[in-house]
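Worksheet for the structure shown next.
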Amino acid sequence: MNRLTLVMSFALCLLLLPFPSTEAQDNKTTPNESSAVRATVKDYIEAYYAGDARRLEQTLHPHYLKHVIQGSLPMTEKTGVQMLQDIRIEGPSAVPEPDQTADITVLDVSGDMASAKLVTPRWVDYLTLFKSDGQWKILSVVQQMDN
């Protein structure tokens, strides 16, 4: 076997080998997972509007952290414990009932992680969720408040 034939055979073998993809992980999102993520986000916003700390707590991951961006004001952060404490003290949201709407879009589900967008008349949330013990929990929120 001459050198060129050997090199060509080797190159052909390399082309036939399965290589891991360098693209994003294959997302095999099932409608059920997407629906479960949407339901968690829906429970989150409805519990907030109603002032239902117990229901809200069911949606939050123990490491929940929310970043709030509002115009030129300094960014603020709120943990899940702080969020629940505020709800217990303040009760139902001060948002008028006609503004208590939410448009929820599940952006992506990849394994045990998901992202969603929540649009209300007063703010937009980008949420990261994590599936733990078979339940979707909100791990983080970045919220842009309208001025």
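So in the numbering used here, the last one in the sequence shown is 147, and the numbering has no gaps at all.
Backbone N, C-alpha and C define an ideal beta-carbon position, used for all residues, glycine too.
Can you grab the Cα-Cα spacing for the pair residue i / residue j, in whole Å?
i           : j           : result
residue 85  : residue 94  : 16 angstroms
residue 88  : residue 78  : 15 angstroms
residue 49  : residue 110 : 29 angstroms
residue 73  : residue 126 : 19 angstroms
residue 107 : residue 44  : 17 angstroms
residue 153 : residue 30  : Nothing can be reported for residue 153: it is not among the residues displayed for the chain, which extend from 1 to 147.
Identify the residues that DSSP records as bridge partners of residue i: which are they?
i          : result
residue 89 : For residue 89, which the question treats as bridged, DSSP gives no partner whatsoever.
residue 69 : 144
residue 99 : None, per the DSSP bridge assignment.
Sorted by chain position, which residues of the same chain lie with C-beta nearer than 7 angstroms to residue i's C-beta, five sequence neighbours on each side aside?
i           : result
residue 229 : Because the chain in this structure spans residues 1 to 147, residue 229 falls outside the shown range and cannot be described.
residue 170 : Nothing in the structure corresponds to residue 170, since the chain is present only between 1 and 147.
Spatial neighbours of residue i within its chain, please: CB distance less than 6 angstroms, with the 5 preceding and 5 following residues excluded, ordered by chain position.
i          : result
residue 80 : 60, 64
Secondary structure at residue i, three-state DSSP: helix, strand or coil?
i           : result
residue 199 : No statement about residue 199 is possible, as the shown extent of the chain runs from 1 to 147 and does not include it.
residue 135 : strand
Measuring alpha carbon to alpha carbon, tell me which of the options ends up nearest residue i.
i           : options          : result
residue 123 : 144, 35, 46      : 144
residue 142 : 108, 44, 75, 134 : 75
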